[in-house]
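Here our numbering is used: the first residue of the sequence shown is 85, the next is one more, and so on.
Note that CB positions come from ideal geometry on N, CA and C, so glycine has one too.
Below you'll find the structure, written out as structure tokens, and then a few comments.
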Amino acid sequence: MIAKVEPLTPARSLRGPFDYRLAGALEDVGVGSMLVVPFGRRRLLGVVVDVTAESELPSERLAEPIAALEADVPQSLVELGLWVAREYVSTPARGLALVLPPGTGTGVGRPLRPKRSLRASITPAGEAALREGTRMGARQRGALEALAAAPLGAAALARRTGCTHSTLRSLERRGLLRLESAADAPRRVVVERVGAESGAVRLTADQRAAFEAIRARLGVAGPPLLLHGVTGSGKTEVYLRSAAAALERGRSAIVLVPEIALTPQTAGRFVERFGELVAVMHSRLSQRERYNEWWRMRRGEARLCVGPRSAVFAPFDDLGLIIVDEEHDGSYKQEGDPRYDARTVAERRAADEGAVLVAGSATPRPESMLRCERISLPSRVDGRRLPPVELVGMAGTAGPLHEETRRALDEVRRREEKAIVLLNRRGWSNFLSCRSCARVWECPNCDVTLVLHRGLDEMACHHCGHREPVPYVCPDCGSVSVARHGAGTEQLERELEELVSPLPVFRLDSDAAAAAGVATVLRRFDEAPAGVLVGTQMVAKGHDFPDVTLGVVLDADATLRFPDFRAEERTFALVAQLAGRSGRGERGGRVIVQALDPTAEALRFAAQHDAEGFLEVELRRREALGYPPHGHLIRVVCSSVEPGPEFDAATAIRELVRASGVPALGPAPLFRRQARHRAQLVVRSPDRERAIVAVRHAVEEVAAAREHASASFAVDVDPQ
Ligand code: ADP
Ligand code: ZN
Ligand code: ZN
Numbered sequence: 085m086i087a088k089v090e091p092l093t094p095a096r097s098l099r100g101p102f103d104y105r106l107a108g109a110l111e112d113v114g115v116g117s118m119l120v121v122p123f124g125r126r127r128l129l130g131v132v133v134d135v136t137a138e139s140e141l142p143s144e145r146l147a148e149p150i151a152a153l154e155a156d157v158p159q160s161l162v163e164l165g166l167w168v169a170r171e172y173v174s175t176p177a178r179g180l181a182l183v184l185p186p187g188t189g190t191g192v193g194r195p196l197r198p199k200r201s202l203r204a205s206i207t208p209a210g211e212a213a214l215r216e217g218t219r220m221g222a223r224q225r226g227a228l229e230a231l232a233a234a235p236l237g238a239a240a241l242a243r244r245t246g247c248t249h250s251t252l253r254s255l256e257r258r259g260l261l262r263l264e265s266a267a268d269a270p271r272r273v274v275v276e277r278v279g280a281e282s283g284a285v286r287l288t289a290d291q292r293a294a295f296e297a298i299r300a301r302l303g304v305a306g307p308p309l310l311l312h313g314v315t316g317s318g319k320t321e322v323y324l325r326s327a328a329a330a331l332e333r334g335r336s337a338i339v340l341v342p343e344i345a346l347t348p349q350t351a352g353r354f355v356e357r358f359g360e361l362v363a364v365m366h367s368r369l370s371q372r373e374r375y376n377e378w379w380r381m382r383r384g385e386a387r388l389c390v391g392p393r394s395a396v397f398a399p400f401d402d403l404g405l406i407i408v409d410e411e412h413d414g415s416y417k418q419e420g421d422p423r424y425d426a427r428t429v430a431e432r433r434a435a436d437e438g439a440v441l442v443a444g445s446a447t448p449r450p451e452s453m454l455r456c457e458r459i460s461l462p463s464r465v466d467g468r469r470l471p472p473v474e475l476v477g478m479a480g481t482a483g484p485l486h487e488e489t490r491r492a493l494d495e496v497r498r499r500e501e502k503a504i505v506l507l508n509r510r511g512w513s514n515f516l517s518c519r520s521c522a523r524v525w526e527c528p529n530c531d532v533t534l535v536l537h538r539g540l541d542e543m544a545c546h547h548c549g550h551r552e553p554v555p556y557v558c559p560d561c562g563s564v565s566v567a568r569h570g571a572g573t574e575q576l577e578r579e580l581e582e583l584v585s586p587l588p589v590f591r592l593d594s595d596a597a598a599a600a601g602v603a604t605v606l607r608r609f610d611e612a613p614a615g616v617l618v619g620t621q622m623v624a625k626g627h628d629f630p631d632v633t634l635g636v637v638l639d640a641d642a643t644l645r646f647p648d649f650r651a652e653e654r655t656f657a658l659v660a661q662l663a664g665r666s667g668r669g670e671r672g673g674r675v676i677v678q679a680l681d682p683t684a685e686a687l688r689f690a691a692q693h694d695a696e697g698f699l700e701v702e703l704r705r706r707e708a709l710g711y712p713p714h715g716h717l718i719r720v721v722c723s724s725v726e727p728g729p730e731f732d733a734a735t736a737i738r739e740l741v742r743a744s745g746v747p748a749l750g751p752a753p754l755f756r757r758q759a760r761h762r763a764q765l766v767v768r769s770p771d772r773e774r775a776i777v778a779v780r781h782a783v784e785e786v787a788a789a790r791e792h793a794s795a796s797f798a799v800d801v802d803p804q
């Protein structure tokens, strides 16, 4: 037999797969196995993507693999990985890396194996020795006493009792304890719970109808489903029942959620309901923990995977259901190569494997509105109305807070309630300039301003991570008059504290996230009887705090001022999502939206909780402009250390793309990033397949050309 092996090397120029002859012990390796293969004078790690009877090469010219490694990727996932590579114009190695056991896909370093460790347990003779007071050393007795309670790993026992490995061995020789080598029991993953308690509940009529509609689709082919439910309509309960229904049919399920650290509630509810059957892919898991969870799924011990975008590659071979919670969330797009969109991958995987895809949101994307069959949850579970939203204009207002907002916050203070204040500014942070010579501190690698990190006395680049201390003297003119900009945020925090004192103010931004952990801040806010949670976009994610009575959005139209075709969609979602956090409890709630221009259409629709109206207008606008979902965008960025090659490469790609009849705009220069000059091309076409193929061929050709050797390429299909 012949194995077609795709080598796991990042080089775009190496075109696999390559044929190897299977013989002897390796005769029965299948698709999804990992092999060590000879390649020229090197050894490479590769994945078997196909097994055939014949090769185009004569058998005697084929080499044999050196070894097979532990990796058993379902065939359907091997195909999915290769599809991702093609669809997102990446390399097979990068696509396959997504579906391999975590930590094995880089092609360098050793793949992880299950860790073996020693486990000790007491024998009946050991128990008798303890009872009868047999003579032994104090450490030995301590070890036996500890083991009398429960078996322990040798390392834990050593930590607890101070006994060494040789003590254990001598006890073993005396027959008082047993030492076994055991694969480490996969560690359970702890998910912190915040927010409203959830027990088993009776579904409302709407929830039941939604659940029945999803259940009816299990195992039946058809378009994806969109669960369009207003905030607080109980979507999670519908997901839970649907997952249970899939499990009852003997199928597995995947639940995609935005970053778990930001929304631990959903994952927590699944763990609560399904216990050990759930594998939670948390971003803070170590490589080892991910690896263990991967195998728990592969062995069928875990049948449900809850996690962020990469969970779409969970190694099930009996998938019945994929849920995409908060499907509008931008975190479903991967930023590095391959720049896949987990929502698109989920759709593909569901179709290939006969699973149902359910995308849920209160603010669905125009894409989903067009492609999916819609199921509605039009009202909140508790029957409460969505909170009234007031739009206030900031023209003529000094300071960050409108008079109306100040009054509302004062009321929160008097009534000892809770409020959430959302500052619509990415990176809620500020920069530095010299008052004398107007110098602005920029990153030495990227043409962007360094951002001040409050409390740390440090400036950082958000692109490359470059850091430097805050200067007190301007290096250009020697002035000590260095100004901190964006003081509005500090002023805001002071004002808030004064306004609501003595109620506490909880801050949720990237600095706070690094320091205390988002979950901790959210839990503190949840547990506090009253107070204000203030922060950026993070505070608008799907948290469920029942007792928030006021929501405030500051600078709501800031996102509208970005030159981006998704500006309207983002603005609408942000305001509607924040509005959803307010008024979930008995006291009801209200929302105030501050904007420079409160008449903007996206804001008006959001204020009326009118997602359908917004989407209708937005889809028409997109259609007129040929934007997604009516057209498809591909962005190609070429970069190089010296100026020039990036531009030449981009121009060459443009010519090749155009030659295949697909329109391409550019190249346009981008700001420098990570010390590289960059040029961008944009391809926009109604024919997705054709555009992708044209770009793929063009990039492959230019990447392989010697005259463009100093350029690098990044392709982004469906940029966000
Ligand atoms: P959504 O995700 O749609 O915003 P959630 O799933 O967070 O809404 O549900 C909002 C709240 O309503 C949660 O506290 C949840 O436990 C509760 N809930 C959901 N379904 C029911 C029900 N049928 N009866 C009572 N409470 C429910
Ligand atoms: Zn200066
Ligand atoms: Zn930088």
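**Prompt:** In three-state terms, what does DSSP make of V339?
**Reply:** Looking at V339 - three-state DSSP - the assignment turns out to be strand.
**Asked** Is D800 helix, strand or coil when you go by DSSP?
**Response** The answer is strand: DSSP assigns D800 an E or B state.
**Outcome for Q371 when other beta-carbon atoms lying within 10 angstroms are tallied against a minimum of 16** = By the Cβ-count criterion, Q371 is exposed, with fewer than 16 other Cβ atoms from all chains shown falling within 10 Å of its own Cβ.
**Message:** Using DSSP's beta-bridge definition, name the partner residues of R757.
**Reply:** Per the DSSP secondary-structure output, R757 pairs in a beta bridge with R760.
**Three-state secondary structure (DSSP) of Q159** = In the structure shown, Q159 sits in a helix (DSSP, three-state: H, G or I).
**Entirely enclosed alpha helix (DSSP H) segments - the stretch 596-659, minimum 4 residues** = Within the stretch 596-659, complete alpha helix (DSSP H) segments of at least 4 residues are found at 602-611, given in chain order.
**Asked** Taking the beta strand (DSSP E) that T481 falls in, what are its first and last residues?
**Response** No beta strand (DSSP E) holds T481; DSSP gives it neither H nor E.
**Message:** When you measure from the CB of T447 to every non-hydrogen atom of ligand 1, does any distance come out below 8 Å?
**Reply:** For T447, the shortest separation between its Cβ and any heavy atom of ligand 1 does not lie below 8 Å.
**Request:** Please state whether DSSP places T251 in a helix, a strand or coil.
**Result:** If DSSP states are grouped into helix, strand and coil, T251 belongs with the helices.
**Prompt:** Got a sec, what are the start and stop residues for the beta strand (DSSP E) V408 sits in?
**Reply:** Annotation for V408: the continuous beta strand (DSSP E) segment containing it runs L403 to V408.
**Prompt:** With 16 other CB atoms within 10 Å as the buried threshold, where does R387 fall?
**Reply:** With 16 or more Cβ atoms within 10 Å of its Cβ, R387 is classed as buried.
**Asked** Are the CB atoms of L260 and L302 nearer to each other than 9 Å?
**Response** For L260 and L302, no; Cβs fall outside 9 Å.
**Request:** Leaving aside the five residues before and after R127 along the sequence, list all residues of the same chain whose C-beta is less than 8 Å from its C-beta, in chain order.
**Result:** Cβ within range, chain order: V120, V121 and I150.
**Prompt:** Can you tell me whether DSSP reads D425 as helix, strand or coil?
**Reply:** When DSSP states are grouped into helix, strand and coil, D425 belongs to the strand group.
**Message:** Here's the rule: buried if 16 or more other CB atoms are within 10 angstroms of the residue's CB, otherwise exposed. What is D560?
**Reply:** Looking at its Cβ environment, which holds fewer than 16 other Cβ atoms inside 10 Å, D560 is exposed.
**Request:** Flag this pair as yes or no: are the beta carbons of A642 and V584 separated by less than 9 Å?
**Result:** No, they are not a contact pair.
**Request:** Output the boundary residues of the beta strand (DSSP E) element that contains I504.
**Result:** In the DSSP annotation of this structure, the continuous segment of the beta strand (DSSP E) that includes I504 starts and ends at K502 to L507.
**Message:** Tell me which residue opens and which closes the beta strand (DSSP E) that G226 is part of.
**Reply:** Not the beta strand (DSSP E): G226 falls in the alpha helix (DSSP H), residues A222 to A233.
**Item:** the stretch 463-481 / the stretch 425-444 touching (three or more Cβ pairs under 8 Å)
**Value:** Verdict: no, contact absent.
**Prompt:** Roughly how many angstroms separate the alpha carbons of K319 and A679, rounded to a whole number?
**Reply:** The C-alpha of K319 lies about 30 Å from the C-alpha of A679.
**Asked** Where S794 and Q758 are concerned, what is the direct C-alpha to C-alpha distance, given to the nearest angstrom?
**Response** If you draw a straight line from the Cα of S794 to the Cα of Q758, it comes to about 15 Å.
**Request:** Answer yes or no: do V623 and L506 have a C-beta to C-beta separation smaller than 9 Å?
**Result:** Cβ atoms of V623 and L506: closer than 9 Å.
**Request:** Tell me whether the beta-carbon of A695 lies closer than 9 Å to the beta-carbon of V659.
**Result:** Using a Cβ distance threshold of 9 Å, A695 and V659 do not count as a contacting pair.
**Anticipated Cβ contact below 8 Å, R335 with L403, distance rounded** = Contact holds; Cβ gap of about 6 Å.
**Message:** I'd like to confirm the pairing. Which residues does DSSP put opposite L110 in its beta bridges?
**Reply:** L110 pairs with nothing; no bridge assigned.
**Item:** Distance CB(F397)-CB(G165) smaller than 9 Å
**Value:** Yes. Within cutoff.
**Item:** Local Cβ density within 10 Å of G664, reported as buried at 16 or more and exposed below that
**Value:** Buried, by the Cβ-count rule.
**Message:** Do E488 and V476 have their beta-carbon atoms positioned less than 9 Å apart in this structure?
**Reply:** In this structure, E488 lies closer than 9 Å to V476 by Cβ.
**Message:** Give me, in chain order, the residues of the same chain whose beta-carbon lies closer than 8 Å to that of R272; leave out the 5 immediate sequence neighbours on both sides.
**Reply:** Since pLDDT at R272 reaches only 43, below the 50 mark, its modelled position is unreliable, and no value is offered.
**Asked** How far does the beta strand (DSSP E) with Y104 in it reach, from first residue to last?
**Response** F102 to R105 is the extent of the beta strand (DSSP E) around Y104.
**Request:** With a threshold of 8 Å, establish whether the CB of G404 neighbours any heavy atom of ligand 1.
**Result:** No - ligand 1 has no heavy atom lying nearer than 8 Å to the Cβ of G404.
**Asked** Hey, A733 and C722 are a contact pair by Cβ (cut 8 Å); roughly how many whole angstroms apart?
**Response** Rounded, the Cβ-Cβ distance is 4 Å, consistent with contact.
**Where D732 sits in the DSSP three-state scheme** = Annotated three-state conformation of D732 is helix, per DSSP.
**Message:** The beta strand (DSSP E) that contains L153, what's its start and end?
**Reply:** For L153, the enclosing beta strand (DSSP E) starts and ends at A151 to L153.
**Asked** With respect to 8 Å, is the separation between the Cβ of F318 and the closest non-hydrogen atom of ligand 1 below this value?
**Response** The displayed chain sequence assigns Gly, not Phe, to residue 318. At least one heavy atom of ligand 1 is nearer than 8 Å to the Cβ of G318, so yes.
**Message:** Assuming the contact rule is C-beta atoms closer than 8 Å, H792 and P729 should be a hit. Round their C-beta distance to whole Å, please.
**Reply:** Yes, they are in contact, since the Cβ atoms of H792 and P729 sit about 7 Å apart, within 8 Å.
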